[in-house]
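Numbering (our numbering), first residue to last: 28 to 157. What follows is a short report on a single structure.
As C-alpha coordinates, then:
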(Lines of atoms letter the chains of each structure in order from A; the text may use other names.)
(Lines give C-alpha, C1' and ligand atoms only; values in the text may rest on other atoms or scores of the structure.)
Protein backbone atom coordinates (compact mmCIF):
# COMPACT_ATOMS: atom_id res chain seq x y z
CA UNK A 28 0.00 0.00 0.00
CA UNK A 29 2.82 2.37 0.88
CA UNK A 30 4.57 1.83 -2.46
CA UNK A 31 1.29 2.51 -4.28
CA UNK A 32 0.89 5.80 -2.40
CA UNK A 33 4.37 6.93 -3.42
CA UNK A 34 3.62 5.71 -6.93
CA UNK A 35 0.56 7.96 -7.00
CA UNK A 36 2.70 10.91 -5.91
CA UNK A 37 5.18 10.11 -8.69
CA UNK A 38 2.44 9.90 -11.29
CA UNK A 39 0.58 13.06 -10.29
CA UNK A 40 3.71 15.20 -9.86
CA UNK A 41 5.05 13.93 -13.19
CA UNK A 42 1.82 14.81 -14.96
CA UNK A 43 1.83 18.32 -13.51
CA UNK A 44 5.47 18.85 -14.43
CA UNK A 45 4.64 17.72 -17.94
CA UNK A 46 1.72 20.13 -18.19
CA UNK A 47 -0.96 17.42 -18.22
CA UNK A 48 -4.22 18.59 -16.70
CA UNK A 49 -3.35 22.28 -16.89
CA UNK A 50 -5.59 24.70 -18.76
CA UNK A 51 -4.33 25.60 -22.25
CA UNK A 52 -1.64 28.28 -22.09
CA UNK A 53 -1.14 27.86 -18.34
CA UNK A 54 2.40 27.20 -17.18
CA UNK A 55 3.57 26.31 -13.71
CA UNK A 56 5.44 29.07 -11.89
CA UNK A 57 9.10 28.26 -11.11
CA UNK A 58 8.43 27.57 -7.42
CA UNK A 59 5.63 25.11 -8.28
CA UNK A 60 7.99 23.26 -10.63
CA UNK A 61 10.53 23.01 -7.81
CA UNK A 62 7.85 21.75 -5.40
CA UNK A 63 6.53 19.07 -7.76
CA UNK A 64 10.08 17.99 -8.59
CA UNK A 65 10.78 17.73 -4.85
CA UNK A 66 7.68 15.52 -4.43
CA UNK A 67 8.90 13.26 -7.25
CA UNK A 68 12.41 13.04 -5.82
CA UNK A 69 11.10 12.27 -2.32
CA UNK A 70 8.86 9.54 -3.75
CA UNK A 71 11.75 8.07 -5.74
CA UNK A 72 13.91 8.01 -2.61
CA UNK A 73 11.11 6.33 -0.63
CA UNK A 74 10.75 3.64 -3.28
CA UNK A 75 14.54 3.23 -3.36
CA UNK A 76 14.77 4.33 -7.01
CA UNK A 77 18.01 6.20 -6.31
CA UNK A 78 19.25 6.36 -9.90
CA UNK A 79 15.90 7.74 -11.07
CA UNK A 80 16.05 10.36 -8.27
CA UNK A 81 19.51 11.41 -9.47
CA UNK A 82 18.18 11.60 -13.05
CA UNK A 83 15.29 13.79 -11.88
CA UNK A 84 17.75 16.17 -10.25
CA UNK A 85 19.81 16.17 -13.43
CA UNK A 86 16.77 17.30 -15.42
CA UNK A 87 16.44 20.32 -13.12
CA UNK A 88 19.98 21.39 -13.91
CA UNK A 89 22.25 23.33 -11.61
CA UNK A 90 20.28 24.58 -8.62
CA UNK A 91 22.91 27.13 -7.67
CA UNK A 92 24.06 28.12 -4.25
CA UNK A 93 21.30 28.49 -1.63
CA UNK A 94 19.87 32.01 -1.77
CA UNK A 95 21.33 34.36 0.78
CA UNK A 96 20.81 37.70 -0.95
CA UNK A 97 18.44 37.04 -3.84
CA UNK A 98 14.66 36.72 -3.51
CA UNK A 99 13.63 33.16 -2.66
CA UNK A 100 11.08 33.00 -5.49
CA UNK A 101 13.93 32.91 -8.02
CA UNK A 102 15.84 30.06 -6.42
CA UNK A 103 15.33 26.42 -5.57
CA UNK A 104 13.87 25.92 -2.09
CA UNK A 105 16.10 24.61 0.67
CA UNK A 106 13.93 21.49 0.94
CA UNK A 107 14.90 20.57 -2.63
CA UNK A 108 18.57 21.11 -1.80
CA UNK A 109 18.25 18.82 1.21
CA UNK A 110 16.72 16.15 -1.04
CA UNK A 111 19.60 16.71 -3.45
CA UNK A 112 22.05 16.10 -0.59
CA UNK A 113 20.25 12.86 0.26
CA UNK A 114 20.37 11.71 -3.38
CA UNK A 115 24.10 12.44 -3.42
CA UNK A 116 24.52 10.41 -0.21
CA UNK A 117 22.63 7.35 -1.43
CA UNK A 118 24.43 7.37 -4.78
CA UNK A 119 27.87 7.29 -3.15
CA UNK A 120 28.75 10.98 -3.20
CA UNK A 121 28.58 11.58 0.52
CA UNK A 122 31.14 14.41 0.59
CA UNK A 123 29.23 16.43 -2.03
CA UNK A 124 26.00 15.86 -0.13
CA UNK A 125 27.58 17.01 3.12
CA UNK A 126 28.98 20.12 1.43
CA UNK A 127 25.51 20.93 0.15
CA UNK A 128 24.04 20.58 3.63
CA UNK A 129 26.66 22.99 4.99
CA UNK A 130 25.70 25.50 2.27
CA UNK A 131 22.04 25.14 3.20
CA UNK A 132 22.86 25.63 6.88
CA UNK A 133 24.74 28.83 6.06
CA UNK A 134 21.79 30.13 4.02
CA UNK A 135 19.46 29.44 6.95
CA UNK A 136 21.84 31.17 9.37
CA UNK A 137 22.01 34.26 7.14
CA UNK A 138 18.22 34.29 6.80
CA UNK A 139 17.87 34.14 10.56
CA UNK A 140 20.27 37.06 11.00
CA UNK A 141 18.49 39.08 8.33
CA UNK A 142 15.08 38.36 9.87
CA UNK A 143 16.30 39.16 13.37
CA UNK A 144 17.73 42.45 12.10
CA UNK A 145 14.45 43.26 10.37
CA UNK A 146 12.51 42.50 13.55
CA UNK A 147 14.75 44.88 15.54
CA UNK A 148 14.21 47.58 12.92
CA UNK A 149 10.42 47.13 13.09
CA UNK A 150 10.47 47.39 16.90
CA UNK A 151 12.64 50.51 16.67
CA UNK A 152 10.35 52.08 14.08
CA UNK A 153 7.26 51.32 16.20
CA UNK A 154 8.88 52.92 19.27
CA UNK A 155 9.76 56.03 17.26
CA UNK A 156 6.17 56.31 15.98
CA UNK A 157 4.79 56.39 19.53
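Even for Gly, the Cβ is constructed at its ideal location relative to N, Cα and C. In this text the structure is predicted, and so the values were computed from the model without any measurement.
### Query
What are the start and end residues of each continuous alpha helix (DSSP H) run of 4 or more residues lying completely inside the region 96-132, in chain order?
For the region 96-132, whole alpha helix (DSSP H) runs of length 4 or above, ordered along the chain, are 105-117.
### Task
Below 8 angstroms CB to CB, which residues in the same chain sit around residue 131 once its five sequence neighbours on both sides are set aside?
Counted from its first residue, the chain shown places residue 131 at position 104. These residues qualify, in order along the chain: 93, 105, 108, 109 and 112.
### Task
Write down the C-beta distance between residue 37 and residue 71 rounded to the nearest angstrom, noting that I regard them as a contact closer than 8 angstroms.
Counting from one through the chain shown, the residue named residue 37 turns up at place 10. Counting from one through the chain shown, the residue named residue 71 turns up at place 44. Correct: roughly 7 angstroms between the Cβ atoms.
### Query
Rounded to a whole number of angstroms, what is the C-alpha to C-alpha distance between residue 124 and residue 135?
If you number the chain shown from 1, residue 124 lands on position 97. If you number the chain shown from 1, residue 135 lands on position 108. Rounded to the nearest whole angstrom, the CA to CA distance from residue 124 to residue 135 is 17 angstroms.
### Query
In chain order, what residues of the same chain lie with their CB nearer than 6 angstroms to the CB of residue 116, ignoring the 5 residues before and after it?
Start at 1 with the first residue of the chain shown, and residue 116 comes out as number 89. So the qualifying residues of the chain are 124.
### Task
Within the same chain, show all residues whose beta-carbon is closer than 6 angstroms to that of residue 77, passing over the 5 residues directly before and after it, in chain order.
Locating residue 77 in the chain shown gives position 50, counting from the first residue. These residues qualify, in order along the chain: 117 and 118.
### Straight-line Cα distance separating residue 133 from residue 144
In the chain shown, the residue the question calls residue 144 occupies position 117. In the chain shown, the residue the question calls residue 133 occupies position 106. Rounded to whole angstroms, residue 144 to residue 133 spans 16 angstroms at the Cα level.
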